[in-house]
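A.B. asks:
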Amino acid sequence: MGKIEVRNLYKIFGNQPQKALGMIKNGSTKQEVLNKNNSTVGVDDASFEVEEGEIFVIMGLSGSGKSTLIRCVNRLIEPTAGSIKVDGQEVLGFDKKELREFREKEFGMVFQNFALLPHRTVLENAMFGLEIQKVEKQQRIKRSKEALNAVGLDGWEDQYPEQLSGGMQQRVGLARALAVDPEILLMDEPFSALDPLIKKEMQNKLLDLYEEMKRTILFITHDLDEALKLGDRIAIMKEGKIIQIGDHEDILTNATNDYVENFVEDVNRSRVLTAKDIMTQAIALLYPQDGPRTALHKMKNNELGSLFVVNRNKEYKGIIYIEDVVDVINNDDLKFTDIIKDITNADPEDNLKKLFADIADLNVPLPVTNDDNKLLGVIVKTNVLANLASEGKFDQ
Amino acid sequence: MIKVNNISQLISTKIPIGNWVEFLVNFLINNFSGPLEGFAGIIEWMVNNFEALLSYFHPLVFILIFAILAWGLKNYKLSIFVALGLGLVFNLQMWDPLLTTLASIITSVVVALIIGIPIGIIKAHSKIIDLITRPILDFMQTIPPFVYLIPALMFFGLGTVSGVIATVVFAIAPPIRLTYLGIQQVDDELKEAGHAFGANWWEILMKIELPGAMPSIMMGINQCIMLSLSMVVIAAMIGAGGLGKPVLRSLNVVDIGLGFEAGLGVVIIAMVLDRMFGRE
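These protein sequence lines map, in sequence, to chains C and H.
Quick note on our numbering: the first sequence kicks off at 14 and runs consecutively.
Quick note on our numbering: the second sequence kicks off at 123 and runs consecutively.
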């Protein structure tokens, strides 16, 4: 038995939902329902199960009904038809009072725009759920402080939400949900409003917390990368319908229709790393006017056997090896500029496979130059190999 | 097509709205004199007690208290202004009318808020109440106050009580409207968060909606005070005491000096209250 079991759930917005429901069940399209009945179908025959202790991600674009679906689970939105069971109990059978008690003890919810109370401090916000549960005050403060510590906000208790950055505000939102020690965490696009770096950080934080607590998490997102990173299993929604449920493998390898395939292709495309993603700055560079002794000095200082040569405009000239420098110093006939050698260089857009071929029998880093022949960076062999190895996980 | 004689018929048979209102007022007076008298009693009691409380202090002590209060609420500049303003009223020998006016205004505002804020809250939660109250509020805000002086007079007789009632009717719309507006403007996601954590309607109201609506409600209170003050002279026409009385008298005897002095008293008390209890 799953922790949450949703069966044939419908949500229809409009004045005559039952009539519209009949139409949908008799095979009318959503457009027909909208035209004839002026009703919008939010969730269309959704069924899924969430196992105890798993992160279940519902993914879809905006307007796909995923936010409506998650709100049906705790009846913030009243479903039109269907069944929702949590621990075997029928949620739709609860009266108002039972529903409130059920929400209190079962759920913690995190919102896209944080939904923090602006007139309350961070600590008071984190206490909100416990306050509703009528937990005694000392206990309330203790537990909210623990929750704030867990999300890394100790020391911020007395600030107001508006004084915090978006990422920190969502940490408060997370702490508020964790403070009530819920069986199930409902997360409605919690990280969508954050910038990419903070988003990544929050995802890691969530995974850490999840490792510690092993709660059941129902997570909504429009970002397949996020879904793949967090979800044990993923449901993909489109126009109110769940069109595929599966783990990473299923989603990435057996896309059931074009819609999913498009999503997945998008992901794979973004996973194709190019030279510019993995290149690093050269530790030291040589300039043509540098003499052989300067070159030797730079090489010794940086423990390098070779150096790339550029002019003042960073235009790429070539590479100089330490043996040749020594030759120049010992032999007055040789000119410093004569020993600049040419090696293969890479384009910033080259992909890993090509880079691998280029770098395979090269004993020095691979220079990356742009169309104007400017040196952008260098690629070290180990970097290519490491990235190739991790990419292999995704598309065997 | 409407014939000419039909149009003259339309005009000749005037709809007796005036008669209906008269009938309604008489009906209320005849059948609800008990509750009306009780209500009048409460208001009279409030005005008298507020006045007694205010005149308990020597005027100079009173001014000092207000000045300190102004300092605490805002800053020392306002405190100086309050001291000078009220001192001027005292010097002009308008102190007793000032206290009477203050007492009736406090009563009016308290009554208006006790009735208005809950109506605003209900209005924000019930579409039906919202639809019903909307035209009533429009009516109350646009009808000239002189019009309801007459029924107030009939219900409660000549005196301060009628003045207070008329003032309440005039000043109650802003607290209702701004409470309603403030609650409406609270983010839906916040209320949703409240529900998600199992809050009941009372907890949502007290912990989310009212705190969120507070700035708007405070504005409503401020507006209510200001509108009450603007009724001072009109209320005097149905026998309310205070600063309105000398203004009215000066109007009758064309006494420019007296009128200006009393008028200045109203202005000063209005500015003092606005600066002290308003938001800048």
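By construction, the Cβ of each residue, glycine as well, lies at the ideal position given by its N, Cα and C atoms.
1) So is isoleucine 298 of chain H buried or exposed if we call it buried at 16+ other beta carbons inside 10 Å?
2) For tyrosine 23 of chain C, count neighbouring Cβ atoms within 10 angstroms of its own Cβ and tell me buried if that reaches 16, exposed if not.
3) If we count Cβ pairs, one from each stretch, closer than 8 Å, do we get three or more for the region 232-250 of chain H versus the region 275-282 of chain H?
4) Which of the three DSSP states is assigned to proline 257 of chain H in this structure?
5) How would you write the range of the alpha helix (DSSP H) that proline 273 of chain H sits in, first residue to last?
6) Return the first residue and the last residue of the beta strand (DSSP E) that phenylalanine 69 of chain C is part of.
7) At a Cβ threshold of 7 Å, is phenylalanine 26 of chain C touching chain H?
8) Take every Cβ of the region 84-92 of chain C, pair it with every Cβ of the region 312-332 of chain H, and state whether three or more of those distances are shorter than 8 Å.
9) Just the chain H side, please: which residues come within less than 8 Å of glutamate 114 of chain C by C-beta, in chain order?
10) Under 7 Å, Cβ to Cβ, is there at least one residue of chain H near methionine 250 of chain C?
11) Listing by chain order, which chain C residues have their CB less than 9 Å from the CB of leucine 303 of chain H?
12) Just checking my contact of serine 352 of chain H with valine 286 of chain H at CB under 8 Å: how many whole Å lie between their CB atoms?
13) Can you tell me whether glycine 304 of chain C is buried or exposed? The criterion is at least 16 other CB atoms within 10 Å of its CB, across all chains shown.
14) Could you tell me whether any Cβ in chain C is nearer than 7 Å to the Cβ of valine 180 of chain H?
15) Could you give the uninterrupted runs of the alpha helix (DSSP H) lying entirely in the region 288-339 of chain H, keeping only those of 4 residues or more?
16) Any chance the region 254-274 of chain H sits against the region 204-220 of chain H, with 3 or more Cβ pairs inside 8 Å?
17) Do aspartate 201 of chain C and glutamine 125 of chain C count as a contact pair if the criterion is CB distance below 7 Å?
18) Between histidine 247 of chain H and chain B, is the shortest Cβ-Cβ distance under 7 Å, so that the two count as touching?
19) Just by C-beta distance, which residues in the region 224-241 of chain H are closer than 9 Å to chain C?
20) Is aspartate 340 of chain C helix, strand or coil by DSSP?
21) For threonine 287 of chain C, which of helix, strand or coil comes out of DSSP?
22) Under 7 Å, Cβ to Cβ, is there at least one residue of chain H near leucine 89 of chain C?
23) Note down, in chain order, every chain H residue with its Cβ under 9 Å from the Cβ of isoleucine 145 of chain C.
24) If contact is defined by three or more beta carbon pairs under 8 Å, each pair taking one atom from either stretch, is the region 249-262 of chain C in contact with the region 92-100 of chain C?
25) Check whether the region 333-352 of chain H and the region 117-136 of chain C touch, using three or more Cβ-Cβ pairs below 8 Å as the test.
26) Answer yes or no: do proline 273 of chain H and cysteine 346 of chain H have a C-beta to C-beta separation smaller than 7 Å?
27) If I'm right that phenylalanine 399 of chain H touches asparagine 322 of chain H with Cβ under 8 Å, what's the distance once you round it to whole angstroms?
28) Can you name the start and end residues of the beta strand (DSSP E) that arginine 20 of chain C belongs to?
29) Alpha carbon to alpha carbon, how far is leucine 271 of chain H from glycine 179 of chain C? Give it in angstroms, no decimals.
30) Run through DSSP, which three-state label would phenylalanine 382 of chain H get?
31) Relative to the C-alpha of serine 75 of chain C, which candidate in C/Asp346, C/Lys367, C/Gly253, C/Leu34 has its C-alpha closest?
32) Report the CB separation of alanine 225 of chain H from alanine 205 of chain H in whole angstroms; it is logged as a contact under 8 Å.
33) Using DSSP with H/G/I as helix, E/B as strand and the rest coil, what is glutamate 149 of chain C?
34) Does DSSP put arginine 184 of chain C in a helix, in a strand, or in coil?
35) For leucine 253 of chain H and chain C, any beta-carbon pair shorter than 7 Å?
36) Leucine 395 of chain H touches chain C at which residues, Cβ-Cβ below 8 Å?
C.D. replies: With the given structure in hand:
1) buried
2) buried
3) no
4) helix
5) 267-278
6) 68-72
7) no
8) yes
9) Gly320
10) no
11) Correct list: empty, because the minimum Cβ distance to chain C is about 17 Å.
12) Incorrect: roughly 14 Å between the Cβ atoms, too far for contact.
13) exposed
14) The question names valine, yet the displayed sequence has histidine at residue 180 of chain H. Answer no: the Cβ-Cβ gap between histidine 180 of chain H and chain C never drops below 7 Å.
15) 295-306, 310-318
16) no
17) yes
18) Judged by its chain identifiers, the structure shown contains no chain B, and its protein chains are C and H.
19) none
20) helix
21) strand
22) yes
23) Gly316, Phe319, Gly320, Ala321, Asn322, Glu325, Lys329
24) no
25) yes
26) no
27) Going by Cβ atoms, the distance from phenylalanine 399 of chain H to asparagine 322 of chain H rounds to 32 Å, so no, they are not a contact pair.
28) 17-26
29) 56 Å
30) helix
31) C/Gly253
32) Contact flag wrong, Cβ pair sits at about 21 Å.
33) coil
34) helix
35) no
36) Those do not exist, as leucine 395 of chain H stays about 25 Å from chain C at its closest Cβ, beyond 8 Å.
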